[in-house]
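Chemist: Here it is, the structure, as structure tokens.
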Amino acid sequence: MDEKIIDLQNELKTKLLKATDLMDLDKIRVAFLGKKGSITALLKGMKDLSADERKSLGAEINRLKSYAAQKIEERISELKEKEIEKEISAMPQFDISTPADMERGSYHPITLVQRQCETIFRSMGFTVEDYSEIVTDYECFESLNIPKHHPARDMQDTYYLENGQLLKSQTSAAQNAILKKYGKNLIENGVPIKAIFPGRCFRNEATDACHENTFFQMEGVMVDRDISISNLIFFMKTMLSEVFQKDIKVRLRPGFFPFVEPGFELDISCLICGGTGCASCKHSGWLELCPCGMIHPNVLKEGGVDPDKYTGFAFGLGLTRLAMMKYGIKDIRDLNSGNLKSLSQFTDDE
Ligand code: FA5
27 MDEKIIDLQN ELKTKLLKAT DLMDLDKIRV AFLGKKGSIT ALLKGMKDLS
77 ADERKSLGAE INRLKSYAAQ KIEERISELK EKEIEKEISA MPQFDISTPA
127 DMERGSYHPI TLVQRQCETI FRSMGFTVED YSEIVTDYEC FESLNIPKHH
177 PARDMQDTYY LENGQLLKSQ TSAAQNAILK KYGKNLIENG VPIKAIFPGR
227 CFRNEATDAC HENTFFQMEG VMVDRDISIS NLIFFMKTML SEVFQKDIKV
277 RLRPGFFPFV EPGFELDISC LICGGTGCAS CKHSGWLELC PCGMIHPNVL
327 KEGGVDPDKY TGFAFGLGLT RLAMMKYGIK DIRDLNSGNL KSLSQFTDDE
């Protein structure tokens, strides 16, 4: 019996050394310690021994059992460690000794103005929402009081997917979802809807110094009892003075958008030419920047908000044009150029 114990111990040692993965180790565990394992069989065989033999051999077999369990565990840890090392060495290696004076990344100018605007509106109690770039016809047009075949659609041709969805032509496409998301809190708890939602927009149109087919807008909505045009003008003025940190000449003129009534065009005096006229402002001296207006009752109704009780304003800030004006970029197409030399020169604190 003693010999058998020694043989088993040696066999275990050899098998453990040969094991190359965790599956091998599991097989070894079953072969030695499982219900039908060889050490378990030794323990079962003790009943046939005399009382003296049982005493001396029993202690030996139990020692072998603990030895086997411990060695198997040790080998499992060893192999697990090796697997991790293998995974690490398969990963791309970074040279942590590389000097830190490498060229540093920077934010895109549109990201910079977007973040500035988000900070300004957050400080005035607005939440910042995210919205998808692919939307339905309902989100982009129908929920905004623009039924099929409405002439206003001609101004915003975009790119259509085979399934009928489209790349959003305006951030207004999120208005309906925002009204539905926060309308309940407004109606039940009287909490005003105050949200901005920046996003990329797409239009199938010719490009020039102030038009791109892919550009950013930032929508804003506020809905509560007794919201008026004065509130709208206050928020627009605050936003512009905070972004530019200086007085900017603006003009408000009537504008038509089926989802607001009344609607306005908010233009700023072109900061590239100082208002004298250049390619960036189509030689008019003014740049259309932030159309806005009072949300049309049909849009509120469609979003589940009672227009007899609540009113609100919405605006659609042209973020890409804002970046042009803020950083003196003459041609909007430079912003999508991927030219790092020109795009990486702007910083937050300019
Ligand atoms: C709209 O897109 C409306 N959704 C804005 C709105 C929202 C009105 C809420 C009322 C209430 P418009 O097509 O004018 O409107 O675009 C809004 C702004 O986006 C423009 O003033 C301009 O700053 C910017 N913009 C529009 N088209 C382009 C373009 N092709 N390239 C760059 N910027 C553009």
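Okay, so the sequence shown: first residue is 27 according to our numbering, each after it adds one. Every residue gets a Cβ at the ideal spot worked out from N, C-alpha and C, and that includes glycine.
#1: Among A340, G330, K356, which has the Cα closest to the Cα of L313?
#2: Could you pull out every residue in the same chain whose Cβ sits closer than 6 Å to the Cβ of T337, ignoring the five residues on either side in sequence?
#3: Is any heavy atom in the ligand FA5 found nearer than 6 Å to the beta carbon of V161?
#4: Between G329, I219, E188, which lies nearest to R148 when the distance is taken from Cα to Cα?
#5: So does the segment 180 to 195 actually touch the segment 212 to 230, counting three or more Cβ pairs closer than 8 Å?
#6: By how many angstroms is the C-alpha of L187 removed from the C-alpha of I259?
#7: Is the beta carbon of F223 closer than 7 Å to that of T197?
#8: For the ligand FA5, is there a heavy atom less than 6 Å away from the beta-carbon of C307?
#9: Measuring only the C-alpha atoms, how far is C236 from R347?
#10: Less than 7 Å between the C-beta atoms of A221 and F270, yes or no?
#11: Go through its chain and collect everything with a Cβ distance to I65's Cβ below 8 Å, but skip five positions before and after it.
#12: Whose C-beta lies closer than 8 Å to the C-beta of P288 among residues of the same chain, with five residues either side of it excluded?
#13: With distance defined between alpha-carbon atoms, name the residue in K108, M150, G300, R277 nearest to F290.
#14: For G338, which residues does DSSP report across the bridge?
#15: So is the beta-carbon of E113 under 6 Å away from any non-hydrogen atom of the ligand FA5?
#16: Does the beta carbon of R347 fall short of 6 Å from some heavy atom of the ligand FA5?
#17: Please specify which runs of the alpha helix (DSSP H), each continuous and at least 4 residues long, are wholly inside the segment 209 to 291, giving them in chain order.
#18: Please report the straight-line C-alpha distance between A116 and E107, rounded to a whole angstrom.
#19: Assuming G344 contacts G209 under a Cβ cut-off of 8 Å, what Cβ separation, rounded to an integer in Å, is found between them?
#20: Going by DSSP in three states, T40 sits in which element: helix, strand or coil?
#21: Can the beta-carbon of A285 be found closer than 7 Å to that of V325?
#22: Is it the case that the CB of S310 approaches a heavy atom of the ligand FA5 more closely than 6 Å?
#23: Note the first and the last residue of the continuous beta strand (DSSP E) segment covering L313.
#24: Run the CB neighbour count on I122, radius 10 Å, all protein chains shown included, and call it buried at 16 or more, exposed below.
#25: With G301 and K263 assumed to form a contact (beta carbons below 8 Å), what rounded beta-carbon distance in angstroms separates them?
#26: Identify whether G344 lies in helix, strand or coil by the three-state DSSP scheme.
#27: Closest to K44 by C-alpha separation, out of E104, A199, R251, D78, would be which residue?
#28: Kindly give me the distance between the Cβ atoms of Q140 and F282, rounded to whole angstroms, as I take these residues to be in contact under 8 Å.
#29: Chain B beta carbons: is any one of them nearer than 7 Å to that of K275?
#30: Give the DSSP-derived three-state secondary structure of T46 in the structure shown.
#31: If you measure between the beta carbons of L170 and V331, is that distance less than 7 Å?
#32: Rounded to a whole number of angstroms, what is the C-alpha to C-alpha distance between L83 and D28?
#33: Closer than 8 Å by C-beta to K97: which residues in its own chain qualify, once you throw out the five before and the five after it? Chain order, please.
Modeler: For this structure:
#1: L313 has its Cα closest to that of K356, out of A340, G330, K356.
#2: Cβ neighbours of T337 within its own chain (closer than 6 Å, five residues either side excluded): I253.
#3: False, no ligand heavy atom lies under 6 Å from that Cβ.
#4: Of the listed residues, the one whose Cα sits closest to R148 is I219.
#5: Flag = yes, the segment 180 to 195 and the segment 212 to 230 touch.
#6: So the alpha carbons of these two residues sit roughly 38 Å apart.
#7: Using a Cβ distance threshold of 7 Å, T197 and F223 count as a contacting pair.
#8: False, no ligand heavy atom lies under 6 Å from that Cβ.
#9: Going from the Cα of C236 to the Cα of R347 covers about 7 Å.
#10: Their beta carbons are not under 7 Å apart, which means A221 does not touch F270 by this criterion.
#11: Here the set comprises L34, F58, L59, I87, L90, K91, A94.
#12: Within its own chain, the residues whose Cβ lies closer than 8 Å to the Cβ of P288, once the five positions on either side in sequence are excluded, are I255, P280, G319, M320, listed in chain order.
#13: Shortest Cα-Cα distance from F290 to any of K108, M150, G300, R277 involves R277.
#14: In the DSSP output, where bridge partners are listed per residue, G338 has V249.
#15: No, the ligand FA5 has no heavy atom inside 6 Å of this Cβ.
#16: Inclusion of R347 in the 6 Å shell around the ligand FA5 follows from its C-beta lying nearer than that to a non-hydrogen atom of the ligand.
#17: Complete alpha helix (DSSP H) runs here, min 4: 255 to 270.
#18: A116 and E107: Cα-Cα distance of roughly 14 Å.
#19: Beta-carbon to beta-carbon, G344 and G209 are separated by about 27 Å, too far to satisfy the 8 Å threshold.
#20: Secondary structure at T40: helix, using DSSP grouped into helix, strand and coil.
#21: The identity of residue 285 in the sequence shown is Phe, whereas the question assumes Ala. Cβ atoms of F285 and V325: closer than 7 Å.
#22: No; taking the cut-off as 6 Å, the Cβ of S310 has no heavy atom of the ligand FA5 nearer than that.
#23: Its beta strand (DSSP E) spans residues 312 to 314.
#24: Counting every other CB atom within 10 Å of its CB across the protein chains shown gives I122 a total below 16, marking it as exposed.
#25: Actually they are not in contact, since the Cβ atoms of G301 and K263 sit about 19 Å apart, beyond 8 Å.
#26: In this structure, G344 counts as strand in the three-state DSSP scheme.
#27: Among E104, A199, R251, D78, the Cα nearest to that of K44 belongs to E104.
#28: Cβ atoms of Q140 and F282 stay farther apart than 8 Å, at about 27 Å.
#29: The chain labelled as chain B is not found in the depicted structure, where only one protein chain is given.
#30: The DSSP-derived three-state label of T46 is coil.
#31: No, they are not a contact pair.
#32: L83 and D28 have their C-alpha atoms spaced approximately 8 Å apart.
#33: Leaving aside the five residues that flank K97 on each side, the residues in its chain whose CB is nearer than 8 Å to its CB run, in chain order, L38, K39, L42.
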